[in-house]
Amino acid sequence: MADSLHTTNPVALQALMSETLFIPKTPQQELTSAEEFIYQGDKSTGVLFILRYPDYPYFSPAAEEAFLKTIGALQLHAGNVAVVNLANPHNPNDWKRIMAFFQPKKITLLGVEPISLGLPAIAHNSYMHGKIATVFNTFSFEEMFADVQKKKMFWMEFKSFMG
560 MADSLHTTNP
570 VALQALMSET
580 LFIPKTPQQE
590 LTSAEEFIYQ
600 GDKSTGVLFI
610 LRYPDYPYFS
620 PAAEEAFLKT
630 IGALQLHAGN
640 VAVVNLANPH
650 NPNDWKRIMA
660 FFQPKKITLL
670 GVEPISLGLP
680 AIAHNSYMHG
690 KIATVFNTFS
700 FEEMFADVQK
710 KKMFWMEFKS
720 FMG
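Residue numbers (the numbering used here): 560 to 722.
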């Protein structure tokens, strides 16, 4: 049996060319992420860094370098902490959902105002001890780059917080 149909008959060609082909429509799967948040790293360690960088997926290049050096000095690395950028429109800016999804024990707010997450005001380089987690509020790396005193204050408290 031939794999193709060949004809020069104009009536047959017209019938073949005007034939409407129907392809059964299969329902398209919705594009939903299996994860409620887009983040990098490992959330199972209980260490979470929350930031809000609208111009970058996570950190600016200079801030990422400073972040990696900072956590590296405490024997941590990008693979054993979780980093979530709340500027990503996919990520809910909802404290209860953050807590339920990440289940963190130590949370560092890098330039994110606690009030924007429905938390009480926490002074910079200060902690808030909750029932489940401790929140450390500090400056963004860009703020620390611009002010050496902020960087020194951060480092002293951060070492104690992570220790």
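All C-beta atoms, glycine included, are put in the ideal place defined by N, C-alpha and C. The model shown is predicted, which means the values in this text are computed figures rather than measured ones.
Other residues of its chain near residue i: CB distance less than 8 Å, five sequence neighbours each side excluded
i, result
"M658", "I691, A692"
"W654", "L676, G677, L678"
"I674", "A680"
Coil, strand or helix - residue i by DSSP
i, result
"F693", "One detail in the question is off: residue 693 reads as Thr in this sequence, not Phe. It is a strand residue."
"F596", "coil"
"F558", "Outside the shown range of the chain, which is 560 to 722, sits residue 558, and nothing can be said about it."
"P616", "coil"
"S699", "coil"
Own chain partners of residue i with C-beta closer than 7 Å, once the 5 adjacent residues on each side are dropped
i, result
"N647", "I597"
"K709", "F698, E702, M703"
"Y612", "F618, S619, N644, A646"
Of the listed residues the options, nearest to residue i (C-alpha basis)
i, options, result
"E716", "V707, N696, W654", "N696"
"N639", "Q599, F720, K709, D706", "Q599"
"K665", "G722, Y615, E595", "G722"
"F704", "T567, F720, E595, A622", "A622"
"K602", "T567, F660, N652, I630", "F660"
"F720", "F698, Q634, N684", "N684"
"H649", "V694, L627, E595, A682", "E595"
Contact set for residue i: own chain, Cβ-Cβ below 6 Å, skip 5 residues either direction
i, result
"P663", "G605, L607, A692"
"A625", "F700"
"L633", "M721"
(message) As an exercise, report each continuous beta strand (DSSP E) stretch of at least 3 residues that is fully enclosed by the stretch 620–690, in chain order.
(response) 641–644, 665–669, 685–688
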